[in-house]
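Worksheet: the structure to be examined is printed underneath.
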Amino acid sequence: MTDTTPTKTTPPKTTKFRPRIATVDDPMIGAVADAFFRFESQKQAAEKLAHISKHYIRAKEQEPDSLRLWIRGFAVTPEEKSDGYRGHFARITIAAIDSGRFTLKAEKLVVELDRHPQKERPKERHPNWGHPIMRAVQTGKHFPSISVARCQLIELHEEFPDVTIPGKDKLHVMVYNRTLREGDNDNPIQKITLTITPLEDGNAKLVVKKPSARKKPATKQETAEPKGKFTTMLKQQTKRKPTRKKPSEA
311 MTDTTPTKTT PPKTTKFRPR IATVDDPMIG AVADAFFRFE SQKQAAEKLA
361 HISKHYIRAK EQEPDSLRLW IRGFAVTPEE KSDGYRGHFA RITIAAIDSG
411 RFTLKAEKLV VELDRHPQKE RPKERHPNWG HPIMRAVQTG KHFPSISVAR
461 CQLIELHEEF PDVTIPGKDK LHVMVYNRTL REGDNDNPIQ KITLTITPLE
511 DGNAKLVVKK PSARKKPATK QETAEPKGKF TTMLKQQTKR KPTRKKPSEA
C-alpha cells in the first residue's frame, strides 16, 4: 500500500528587498545625472521614474510629478568637497527634448550639510571607536577573505599615517578612547594592535590585542627586628651615655 500523505514543502527563503542609496557610479543614476535616457513617450519616462523611486532611497520631502533623491557624488564642486559635502539632493523630473522624445533630468537642490545623510568626517589625528573600520572590529564583522581584511588595515594606515605602524597582517594603532578620561586619567589615547584572524569558512576578521599591563616592581619590605631579652639589653647599653671621669680620678 502506497502512502498518499502529501509531504510538506517549505517555501524557499526570500531576502527582504531594501532600496539602496543612489550614487553617480550606479549606471541607472549616472544615466539620469547626465540626461542620457531617451523615451518615445512620456508614459515610458514615467514608468522608469517609478522604477527608480522603488529601488533607491527617497528623500523625506517629495513633490508631485517628480522624485527627490540624495545622490552621492552628484554635482559636488571642489569647494563643497573641502567643506565636507559627499553628494547633493536632486529633483528628478520628466523633460521633453528634441524630436518629440523625453528624458529624465536631475536638478541640484541646495540643502544645508547638516541635513545630508552622508558627509565627510572632520579630519582627526587619531581614529576613534566610531570610525567605520574600528566599529567593524568591535562588532566582529567577517570579511570575505584575508586580502579584504588587509585592505582595511591599509586604508586605516593611509588615513592615519602618523599614529599607526603597519606590520605583517597587523597594524599598531593609537586610538582615541574618550572613556579613558573618566577618573583621574587625563590621557584618552589607547595603544592597541589590530591583527587578522582567518576563519574556517575562508572569511577573516580583525581582532584587538591590548598591551599587557606592566607589573609594578615589588617594594622592599622592612625586615622586622628580632625581639628578645639579649637584644633589648644590647640596645640599652648602646644608648647609655659614657660618664666623664673627674679630674681627681685621673
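Position 197, counted from 1, in the sequence shown is what this note's numbering calls 507; the numbers after and before it change by one each time, with no gaps. Where a beta carbon is used, it is the ideal one built from N, C-alpha and C, also for glycine.
(request) Could you pull out every unbroken beta strand (DSSP E) segment of at least 3 residues lying fully inside the stretch 444-501, listed in chain order? (result) 474-477, 480-486
(message) So the candidates are 514, 337, 366; which of them puts its Cα closest to the Cα of residue 450?
(response) Position 140 of the sequence shown, counted from the first residue, corresponds to residue 450. Relative to the Cα of residue 450, the nearest Cα in the group 514, 337, 366 belongs to 514.
(message) Closer than 8 Å is the cut-off here; do at least three beta carbon pairs connect the stretch 381-396 with the stretch 420-428?
(response) yes
(request) Identify the continuous alpha helix (DSSP H) that holds residue 414 and give its terminal residues. (result) Translated into positions along the sequence shown, residue 414 becomes position 104. Boundaries for residue 414: no alpha helix (DSSP H) harbours it, while the beta strand (DSSP E) harbouring it runs 412-419, taken from the DSSP string.
(message) For a test of the three-state rule: what should DSSP assign to residue 362, helix, strand or coil?
(response) Start at 1 with the first residue of the sequence shown, and residue 362 comes out as number 52. Residue 362: helix per DSSP, three-state reduction.
(request) Compare the Cα-Cα distances from residue 482 to each of 327, 463, 488, 388 and report the closest residue. (result) What you label residue 482 is simply residue 172 of the sequence shown in a count that begins at 1. Cα-wise, what sits closest to residue 482 is 463.
(message) Can you tell me whether residue 427 is helix, strand or coil according to DSSP?
(response) Against the sequence shown, residue 427 aligns to sequence position 117. Coil at residue 427, not helix or strand.
(message) Based on DSSP bridge pairs, tell me the residues matched to residue 406.
(response) Here residue 406 corresponds to residue number 96 of the sequence shown, with the count starting at 1. Bridge partners of residue 406: 412.
(message) I need the boundaries of the beta strand (DSSP E) containing residue 391, first residue and last residue.
(response) If you number the sequence shown from 1, residue 391 lands on position 81. Per DSSP, residue 391 lies in no beta strand (DSSP E) segment; the continuous alpha helix (DSSP H) that holds it begins and ends at 388-392.
(request) Kindly indicate if chain D contains any beta-carbon less than 9 Å away from that of residue 521. (result) Going by chain labels, chain D is absent from the structure shown, which holds only one protein chain.
(message) Assuming residue 342 is part of the beta strand (DSSP E), what are its boundary residues?
(response) Residue mapping note: residue 342 aligns to position 32 of the sequence shown, counting from 1. That residue, residue 342, is in no beta strand (DSSP E); its alpha helix (DSSP H) goes 337-343.
(request) Report the rounded CA-to-CA distance for residue 452 versus residue 460, giving the unit in angstroms. (result) If you number the sequence shown from 1, residue 452 lands on position 142. If you number the sequence shown from 1, residue 460 lands on position 150. Spanning the two alpha carbons is a distance of roughly 12 Å.
(message) Just to confirm, is the Cβ distance from residue 413 to residue 332 under 9 Å?
(response) Residue mapping note: residue 413 aligns to position 103 of the sequence shown, counting from 1. Residue mapping note: residue 332 aligns to position 22 of the sequence shown, counting from 1. Residue 413 is not a Cβ neighbour of residue 332, given a cutoff of 9 Å.
(message) Helix, strand or coil, according to DSSP, for residue 515 in the structure here?
(response) Here residue 515 refers to the residue found at position 205 when the sequence shown is read from its first residue. Correct three-state label for residue 515: strand.
(message) For residue 361, count the other beta carbons within 10 Å of its own beta carbon; 16 or more makes it buried, fewer makes it exposed. Which is it?
(response) The count along the sequence shown starts at 1 and reaches residue 361 at position 51. So residue 361 ends up on the exposed side.
(message) Please identify the residue among 498, 454, 478, 417 whose C-alpha is closest to the C-alpha of residue 403.
(response) The residue labelled residue 403 in the question sits at position 93 within the sequence shown. Of the candidates 498, 454, 478, 417, 417 places its Cα closest to the Cα of residue 403.
(message) Could you tell me the alpha carbon to alpha carbon distance between residue 335 and residue 522, rounded to whole angstroms?
(response) Within the sequence shown, residue 335 is the residue found at index 25, counting from 1. Within the sequence shown, residue 522 is the residue found at index 212, counting from 1. Distance between the alpha carbons of residue 335 and residue 522 is about 46 Å.
(request) Measure the alpha-carbon distance for residue 510 versus residue 520 and round it to whole angstroms. (result) Numbered from 1 along the sequence shown, position 200 holds the residue referred to as residue 510. Numbered from 1 along the sequence shown, position 210 holds the residue referred to as residue 520. Cα to Cα, residue 510 sits roughly 24 Å from residue 520.
(request) For the beta strand (DSSP E) holding residue 509, just list the boundary residues, first then last. (result) Against the sequence shown, residue 509 aligns to sequence position 199. Unbroken run through residue 509: none, as it is neither H nor E.
(request) Assign residue 406 to one of two classes, buried (16 or more other C-beta atoms within 10 Å of its C-beta) or exposed (fewer than that). (result) Taking the first residue of the sequence shown as 1, we reach residue 406 at position 96. Label assigned to residue 406: exposed.
(request) Give the C-beta separation of residue 327 and residue 369 to the nearest angstrom, bearing in mind that I take them to be a contact with Cβ-Cβ under 8 Å. (result) Working through the sequence shown from its first residue, we reach residue 327 at position 17. Working through the sequence shown from its first residue, we reach residue 369 at position 59. Between residue 369 and residue 327 the Cβ distance is about 19 Å, and since that is not below 8 Å, they are no contact.
(message) I need the straight-line Cα distance from residue 373 to residue 401, nearest angstrom please.
(response) One-based indexing of the sequence shown puts residue 373 at position 63. One-based indexing of the sequence shown puts residue 401 at position 91. Each residue's Cα considered, the two are about 9 Å apart.
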